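For reference, the structure discussed in these notes is given below.
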Amino acid sequence: MQRRHFLFVLSGITMALATRSFAGEASGNDKVTVMQFSDDGKSLGRVTLSKVRKDAEWKKRLSPLAYQVTREQGTERAFSQPGYDRHEPGLYRCVCCDDALFDAKAKYDSGTGWPSFWQPIAPENVREIADHLFGMTRTEVQCALCDAHLGHVFDDGPKPTGLRYCMNTVALRFVPKS
3 MQRRHFLFVL SGITMALATR SFAGEASGND KVTVMQFSDD GKSLGRVTLS KVRKDAEWKK
63 RLSPLAYQVT REQGTERAFS QPGYDRHEPG LYRCVCCDDA LFDAKAKYDS GTGWPSFWQP
123 IAPENVREIA DHLFGMTRTE VQCALCDAHL GHVFDDGPKP TGLRYCMNTV ALRFVPKS
């Protein structure tokens, strides 16, 4: 029985890694189209950019926890990071590439200990990927521009979307509205 469970988990990990490799490749010479936003949340329009790949720089610039979460698909402990319960107006950007990901207007208190949003600032700025690690199926959320692991999305959120984008605090950089 233990061997079967191990093989099931191993097959899930293999599928997740294969999915991640395929999904991590952008079509058209590694280009991606995202919606850009000013720090005050105003749309600056769609742009097509090259994927951001700066692993050596990220390893130096990010905290060990932020690197582990964003580049190695880790998770911070619930309620452990300052800012998970922040509710002032502002914008949440990717800690790796600075792409706009969430507006504080879509943030709500889910009681989970992680920042939760009912929608991203623009659907093209995040990518959702099937995650089969650890023998369960979830939907991973990544930054579309740099493939940073942000967290997961669940279907138990509030109206109007019914979604809960449960993000890691260390994967986001908060920019207060001025």
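Take any residue in the sequence shown, count from 1 to its spot, add 2: that is its number in my numbering.
Built from N, CA and C at the ideal position, the CB exists for glycine as well.
None of the values given here were measured: they were computed from a predicted structure.
What would DSSP say about LYS109, mapped onto helix, strand or coil? Taking the first residue of the sequence shown as 1, we reach residue 109 at position 107. Reduced to three states, the DSSP call for LYS109 is strand.
Roughly how far, in whole angstroms, is the beta-carbon of MET138 from the beta-carbon of LEU152, given that I think they are within contact range, below 8 Å? The residue you call residue 138 lines up with position 136 of the sequence shown. The residue you call residue 152 lines up with position 150 of the sequence shown. With a contact defined as Cβ atoms closer than 8 Å, MET138 and LEU152 miss out at about 18 Å.
Host beta strand (DSSP E) of THR141 (start-end): Within the sequence shown, the letter at position 139 stands for residue 141. 140-145 is the extent of the beta strand (DSSP E) around THR141.
For a quick check, are the C-beta atoms of VAL36 and GLU130 less than 7 Å apart? Here residue 36 refers to the residue found at position 34 of the sequence shown. Here residue 130 refers to the residue found at position 128 of the sequence shown. Not in contact: VAL36 and GLU130 (Cβ atoms no closer than 7 Å).
THR50 - partner residues in DSSP beta bridges: Residue 50 sits at position 48 when you count from the first residue of the sequence shown. Bridge partners of THR50: THR35.
Three-state secondary structure (DSSP) of GLU90: The residue you call residue 90 lines up with position 88 of the sequence shown. Correct three-state label for GLU90: coil.
Cβ-Cβ distance between VAL172 and VAL71 below 7 Å: Within the sequence shown, numbered from 1, the residue matching residue 172 stands at position 170. Within the sequence shown, numbered from 1, the residue matching residue 71 stands at position 69. In contact: VAL172 and VAL71 (Cβ atoms closer than 7 Å).
Based on DSSP bridge pairs, tell me the residues matched to ASP133. On the sequence shown, position 131 is the one that residue 133 refers to. According to DSSP, which records beta bridges pairwise, ASP133 is partnered with ARG140.
Give the DSSP-derived three-state secondary structure of PRO160 in the structure shown. In the sequence shown, counting from the first residue as 1, residue 160 sits at position 158. In this structure, PRO160 counts as coil in the three-state DSSP scheme.
Own chain partners of PRO160 with C-beta closer than 7 Å, once the 5 adjacent residues on each side are dropped: Translated into the one-based positions of the sequence shown, residue 160 becomes position 158. Here PRO160 has TYR110, TRP120 as same chain residues with Cβ atoms under 7 Å from its own Cβ, once five neighbours each way along the sequence are excluded.
Relative to the C-alpha of LEU115, which residue among LYS61, GLN83, LYS44 is closest? Reading the sequence shown from its first residue, position 113 is the one you call residue 115. According to the sequence shown, residue 115 is Gly rather than Leu. Closest option to GLY115, Cα to Cα, is GLN83.
Cβ pair LEU104, PRO122 closer than 7 Å: For the purposes of this step, residue 104 is identified with residue 102 of the sequence shown, where counting begins at 1. For the purposes of this step, residue 122 is identified with residue 120 of the sequence shown, where counting begins at 1. One detail in the question is off: residue 104 reads as Phe in this sequence, not Leu. The answer is yes: Cβ separation under 7 Å.
Residue range of the unbroken beta strand (DSSP E) whose run includes VAL177: On the sequence shown, position 175 is the one that residue 177 refers to. Note, VAL177: beta strand (DSSP E), 174-178.
Can you pull the DSSP bridge partners for GLY43? Within the sequence shown, residue 43 is the residue found at index 41, counting from 1. Its beta-bridge partners do not exist; DSSP assigns none.
When you compare the CB positions of ASP166 and SER112, do they come within less than 7 Å of one another, or not? One-based indexing of the sequence shown puts residue 166 at position 164. One-based indexing of the sequence shown puts residue 112 at position 110. Looking at the sequence itself, residue 166 is Arg, so the reference to Asp does not match. Yes, these two residues count as a Cβ contact at 7 Å.
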